[in-house]
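Counting in numbering that gives the first Met the number 0, the sequence shown runs from 0 upward without gaps. Backbone N, C-alpha and C define an ideal beta-carbon position, used for all residues, glycine too. Input: a single structure, listed below in structure tokens.
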Amino acid sequence: MPEGFPGMAKPTILIVEDEAPLLTLLRYNLEKQGFRVEEATDGQEALLRVAENKPDLVLLDWMLPSLSGIEVCRQIRRRPATRDLPVIMVTARTEDQDAVRALDIGADDYITKPFAVEALLARIRALLRRSGTVPTKGTLTFLDLSMDQDAHRVVRNGRALHLGPTEYRLLEFFLMHPGRVFSREQMLDAVWGRDIHVEPRTVDVHIRRLRKAINAEGEVDIIRTVRSAGYALDLEEV
Ligand code: CA
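Here it is, written out as structure tokens:
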């Protein structure tokens, strides 16, 4: 699944690492996931970069020339402008006390070399969510229906719903704007994307499927058809 950060500026990660092959590997993987990457190969340069252009997160190697990662982290924490800057320490040693020390001096998290890139990416994403750089996905609700965006689960009235991918995105879009009426063209732009050519009546087909999936026998239809205008997540006006 391509990650990326639609609708927002790319988060910038400063990689501080003196081993060129590892730096190249990390840059490649982070850029592939939609991050902007800055680099520094020693501790002094790291502090300079942070002061010049504050990144969204620092991935900081412990063992560095000129100034150790620990010292860099300490100075980042000491400066008011960077006190809250998210820092992940990369430790080469496996001793637990190094990890504890990294956290003690103010690193937000640490990872021990050698590590799997996926594990690092998960920590970076989690930390960016905690720091508010990347919005947290959560649960969207409307009446007795709820959508857990992280787990991709939709429940109505205690019943798990099974939606196709298009119906899921359609419902997610409605849940983000409850009560608002959207034309078929607006829904095509938002859910299918501007570049894809789809007939407006395709929307009607998917709305029909969505209704079938979310409304059980005897439940109120929470999708309102607005004549000659479009649809809304709403209750029929009586
Ligand atoms: Ca190193």
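Unbroken beta strand (DSSP E) run spanning residue i, endpoints
i      : result
ALA39  : 35-39
ARG152 : 152-155
SER159 : The question names Ser, yet the displayed sequence has Ala at residue 159. Here the beta strand (DSSP E) through ALA159 covers 158-160.
LEU66  : It is not in any beta strand (DSSP E) - LEU66 carries neither H nor E in the DSSP assignment.
LEU126 : No beta strand (DSSP E) contains LEU126, which is instead part of the alpha helix (DSSP H) from 116-129.
Residues bridged to residue i (per DSSP)
i      : result
TYR230 : PHE181 and THR224
ASP108 : ILE87
ILE12  : VAL36 and LEU56
Residue range of the alpha helix (DSSP H) that includes residue i
i      : result
PHE173 : 164-175
THR23  : 19-31
THR201 : 199-213
LEU139 : Premise fails: LEU139 lies in the beta strand (DSSP E), 138-141, not in any alpha helix (DSSP H).
LEU144 : Careful: LEU144 lies outside any alpha helix (DSSP H), inside the beta strand (DSSP E) at 144-147.
Residue i classed as buried or exposed, judged by whether at least 16 other C-beta atoms fall within 10 angstroms
i      : result
PHE181 : buried
ARG207 : exposed
TYR27  : exposed
LEU63  : buried
VAL202 : buried
VAL99  : exposed
PRO134 : exposed
Best match in the options for proximity to residue i [C-alpha to C-alpha]
i      : options                           : result
ALA101 : GLU16, GLY217 and ILE87           : ILE87
PHE34  : ALA8, LYS53, CYS72 and LEU209     : ALA8
PRO79  : LYS53, GLN43, HIS176 and GLN148   : LYS53
ARG183 : ASP147, GLY157 and SER227         : SER227
HIS176 : PHE141, LYS112, ALA215 and ARG122 : PHE141
Same chain, Cβ closer than 6 angstroms to residue i, five either side skipped, listed in chain order
i      : result
ALA45  : VAL15, ALA39 and VAL71
GLN185 : none
SER130 : PRO85
ARG124 : none
Sequence-distant residues of the same chain with beta carbon closer than 8 angstroms to residue i, five excluded per side
i      : result
SER67  : GLY42 and TRP61
GLU166 : HIS205, ARG208, LEU209 and ALA212
Same chain, Cβ closer than 7 angstroms to residue i, neighbours up to 5 away in sequence not counted
i     : result
THR81 : VAL49, LYS53 and ILE75
is_contact[residue i, chain B] using C-beta, thresh 8 angstroms
i     : result
TYR27 : Looking for chain B here will not work: only one protein chain is present.
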